[in-house]
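*Asks:*
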């Protein structure tokens, strides 16, 4: 069972319902009920909220489960837990949340705002477009990119190679994600006839914060390809460091906050607290073991403990689930908000620090790995409300030590803990680096019994667009940047 989400640009807050995975045969270029002359101020929140919704919805349930922060107790999470996934699992994310939602609306902003001399809007839309496309390619690998979002003008867009999406390909007229972000940043520096305000649910029209977010997105993109393309990654990171204009305060985090009313809440809250599927997910016993072994003070902030002890489940475990379900440990308000407001954390200060710690260690970029690593832990723990004395003691007890690979494992493990609730980031880092090291789930099935390293293409796109590879790569085929 999946949470269905349909992006309709005139409906805010975004509404979603619960239902089975039944998808119509529609193109990624079709956007139902989408007027052509909608002002950017109406479209912008649909792009921002839609991108966050995609991250926190089925993608998070899948990735957080196979990455052993959560365990699947029933329905889709239980199948993910034993590495079973197919082309129906992410139909909503492909059709409604990404291509038919955030991406097509970002393109509409670019088109409309370009015609009205409003580069403040085009700049934000290009940064959001790059972020949403990075989600798509990190999930599926090769995807429609340079020819996507053209509607009836091109109902069968080319499927671009992931390498070309990240690096660009002038002979194929493919702009790199890096250049798309840079173009957005350049737009933010231009005079604009109109500027966003409260319609910008992330930064309320603060373009200085958008510049910092755009540069931090460049760090994230470079980090993603750093094992496959270390020279390019180092070049991008060096340029961002030299510019010295990126997220370096928790107050600048790139977060999307939802509402507390029915129909507008964070999907993680809705799924684990309200919906008929609320007993599908429970904290993984392996995650609990990790945090208890580190004596990590964030544990009770990130997870509930309704009983005397944390009630968890092992990944892939069979048999009767713990009872009563009211004692289960689930996402706490740090992740979902007390009433479903979230936020969904997409780019953060702690993430930036861990990226720079990793690049200093592995690529030789500026900065001391230990200092940056400690900065990441401090940013995460401060966000979680941990007292300074406890933070200091934890950093001292968990200082970087050992070989280069052992120190890398520590950095990625701390990033894994800090990003509780954002399964895609955990999965991306594990695919890139192999960390954190985890044993396979019990009763693993999947392809060859191995953890998925990509999402399987959505079935209806394979059937209707002849540009998709045939046969389609299965979940055990690595994406281009996964060189680990």
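Residue numbers (mature numbering (1 follows the signal peptide of the UniProt record, and there is no 0)): -21 to -1, 1 to 463.
Positions of the beta carbon are idealized from the N, C-alpha and C atoms, including for glycine.
As the structure is a computational prediction, the values presented were derived from the model and not from experiment.
(1) So, with DSSP's three-state summary, where would you put residue 210?
(2) Assign residue 228 to buried or exposed, taking buried as 16 or more other Cβ atoms, counted over all protein chains shown, within 10 Å of its Cβ.
(3) Go through its chain and collect everything with a Cβ distance to residue 410's Cβ below 6 Å, but skip five positions before and after it.
(4) Would you be able to state if there are at least three C-beta pairs under 8 Å between the region 266 to 278 and the region 56 to 75?
(5) Can you find the residues in the same chain that come closer than 6 Å, C-beta to C-beta, to residue 109, ignoring five residues on each side of it along the sequence?
(6) State buried or exposed for residue 37, treating a residue as buried only when at least 16 other CB atoms are found within 10 Å of its CB.
(7) Flag this pair as yes or no: are the beta carbons of residue 292 and residue 263 separated by less than 8 Å?
(8) Using CA coordinates, which residue listed in 342, 321 and 271 is at the minimum distance from residue 237?
(9) Give a yes or no on whether the C-beta atoms belonging to residue 391 and residue 352 are separated by under 8 Å.
(10) Assuming residue 166 and residue 98 form a contact by the criterion Cβ under 8 Å, report the distance between their Cβ atoms to the nearest whole angstrom.
(11) According to DSSP, simplified to helix, strand and coil, what is residue 182?
(12) What are the boundary residues of the beta strand (DSSP E) that includes residue 233?
(13) Could you tell me which residues DSSP pairs with residue 139 in its beta bridges?
(14) Go through its chain and collect everything with a Cβ distance to residue 267's Cβ below 6 Å, but skip five positions before and after it.
(15) Following the continuous beta strand (DSSP E) through residue 323, name the residue where it begins and the one where it ends.
(16) Between which two residues does the alpha helix (DSSP H) containing residue 22 stretch?
(17) Take every Cβ of the region 37 to 56, pair it with every Cβ of the region 85 to 100, and state whether three or more of those distances are shorter than 8 Å.
(18) DSSP state of residue 441, grouped into three classes?
(19) Give every residue of the same chain whose Cβ lies closer than 7 Å to the Cβ of residue 152, excluding the five residues on either side of it in the sequence, and list them in chain order.
(20) Do residue 122 and residue 143 have their CB atoms nearer than 8 Å?
(21) Where do the ends of the alpha helix (DSSP H) carrying residue 402 lie?
(22) For the structure I just gave you, are there three or more beta carbon pairs, one from the region 312 to 328 and one from the region 242 to 259, closer than 8 Å?
(23) For the region 214 to 229 against the region 196 to 203, are there 3 or more C-beta pairs whose distance is under 8 Å?
(24) By how many angstroms is the C-alpha of residue 402 removed from the C-alpha of residue 47?
(25) Given that a residue counts as buried once 16 or more other Cβ atoms are within 10 Å of its Cβ, and exposed if not, what is residue 344?
(26) Using alpha carbons as the reference points, say which of 175, 187 and 150 lies closest to residue 168.
(27) Can you round the beta-carbon distance between residue 103 and residue 175 to whole angstroms, since I take them to be within the 8 Å contact cut?
(28) Alpha carbon to alpha carbon, what distance is there between residue 211 and residue 451?
(29) So what's residue 263 in DSSP terms, helix, strand or just coil?
(30) If you follow the beta strand (DSSP E) that residue 165 is in, where does it begin and where does it stop?
(31) Going by the CB atoms, is the gap between residue 310 and residue 375 shorter than 8 Å?
(32) Between the Cα of residue 258 and those of 307, 265, 230 and 271, spot the shortest distance and give me the residue it belongs to.
(33) Could you give the DSSP three-state label for residue 334: helix, strand or coil?
(34) Between the alpha carbons of residue 334 and residue 162, how many angstroms are there, rounded?
(35) Where do the ends of the alpha helix (DSSP H) carrying residue 85 lie?
*Replies:* Walking through what the data contain:
(1) As a working note, residue 210 is residue 231 in the chain shown. Here residue 210 sits in helix by DSSP.
(2) Sequence index remark: in the chain shown, residue 228 carries index 249 (1-based). It is exposed - the Cβ of residue 228 has fewer than 16 other Cβ atoms within 10 Å.
(3) Your numbering for residue 410 matches position 431 in the chain shown. Excluding residues within five positions, the ones whose Cβ falls inside 6 Å are 432 and 461.
(4) Flag = no, the region 56 to 75 and the region 266 to 278 do not touch.
(5) Numbered from 1 along the chain shown, position 130 holds the residue referred to as residue 109. The answer, listed in chain order, is 156, 159 and 160.
(6) As a position in the chain shown, residue 37 is number 58, starting the count at 1. Classification for residue 37: buried.
(7) Walking along the chain shown from the start, residue 292 turns up at place 313. Walking along the chain shown from the start, residue 263 turns up at place 284. Closer than 8 Å, so yes.
(8) Looking up residue 237 in the chain shown gives position 258. It is 321.
(9) One-based indexing of the chain shown puts residue 391 at position 412. One-based indexing of the chain shown puts residue 352 at position 373. No; because the gap between Cβ atoms is not below 8 Å, this pair is not in contact.
(10) Numbered from its first residue, the chain shown carries residue 166 at position 187. Numbered from its first residue, the chain shown carries residue 98 at position 119. Confirmed, about 4 Å.
(11) Walking along the chain shown from the start, residue 182 turns up at place 203. Coil, per DSSP.
(12) Start at 1 with the first residue of the chain shown, and residue 233 comes out as number 254. Where residue 233 is concerned, the enclosing beta strand (DSSP E) stretches over 233 to 235.
(13) Within the chain shown, residue 139 is the residue found at index 160, counting from 1. For residue 139, the pairing in a beta bridge is given by DSSP as 122.
(14) Numbered from its first residue, the chain shown carries residue 267 at position 288. Taken in chain order, the residues that qualify are 289 and 291.
(15) Position 344 of the chain shown holds residue 323. It spans 323 to 326 - the beta strand (DSSP E) in which residue 323 sits, taken as one unbroken run.
(16) Along the chain shown, read from residue 1 onward, the residue named residue 22 stands at position 43. Element bounds for residue 22: 19 to 35.
(17) no
(18) Position 462 of the chain shown, counted from the start, is the residue given in the question as residue 441. Residue 441: helix per DSSP, three-state reduction.
(19) For the purposes of this step, residue 152 is taken as the residue at position 173 of the chain shown. Contacts found: 125.
(20) Taking the chain shown and counting its residues from 1, the one referred to as residue 122 is at position 143. Taking the chain shown and counting its residues from 1, the one referred to as residue 143 is at position 164. Taking 8 Å as the Cβ cut-off, residue 122 and residue 143 do not qualify as a contacting pair.
(21) Residue numbering aside, residue 402 sits at position 423 when the chain shown is read from its first letter. That run of the alpha helix (DSSP H) goes 402 to 412.
(22) yes
(23) yes
(24) The sequence position of residue 47 within the chain shown is 68, counting from 1. The sequence position of residue 402 within the chain shown is 423, counting from 1. Approximately 9 Å between the Cα atoms of the pair.
(25) Translated into the one-based positions of the chain shown, residue 344 becomes position 365. Classification for residue 344: buried.
(26) Mapped onto the chain shown, residue 168 falls at position 189. Nearest C-alpha to residue 168: 187.
(27) The count along the chain shown starts at 1 and reaches residue 103 at position 124. The count along the chain shown starts at 1 and reaches residue 175 at position 196. About 7 Å separates the Cβ atoms of residue 103 and residue 175, confirming a contact at the 8 Å cut-off.
(28) To locate residue 451, count along the chain shown from 1; it is residue 472. To locate residue 211, count along the chain shown from 1; it is residue 232. Each residue's alpha carbon lies about 29 Å from the other.
(29) Indexing the chain shown from 1 puts residue 263 at position 284. Residue 263: strand per DSSP, three-state reduction.
(30) The residue given as residue 165 occupies position 186 in the chain shown. Segment 156 to 167 is the alpha helix (DSSP H) holding residue 165; no beta strand (DSSP E) there.
(31) By one-based count along the chain shown, residue 375 stands at place 396. By one-based count along the chain shown, residue 310 stands at place 331. Their beta carbons are not under 8 Å apart, which means residue 375 does not touch residue 310 by this criterion.
(32) Here residue 258 refers to the residue found at position 279 when the chain shown is read from its first residue. Answer by Cα proximity: 307.
(33) By 1-based counting over the chain shown, the position of residue 334 is 355. Residue 334 falls in the helix class under three-state DSSP.
(34) For the purposes of this step, residue 334 is taken as residue 355 along the chain shown, with counting starting at 1. For the purposes of this step, residue 162 is taken as residue 183 along the chain shown, with counting starting at 1. In a straight line, the C-alpha of residue 334 is about 23 Å away from that of residue 162.
(35) If you number the chain shown from 1, residue 85 lands on position 106. Looking at the DSSP string, the run of the alpha helix (DSSP H) that includes residue 85 is 83 to 94.
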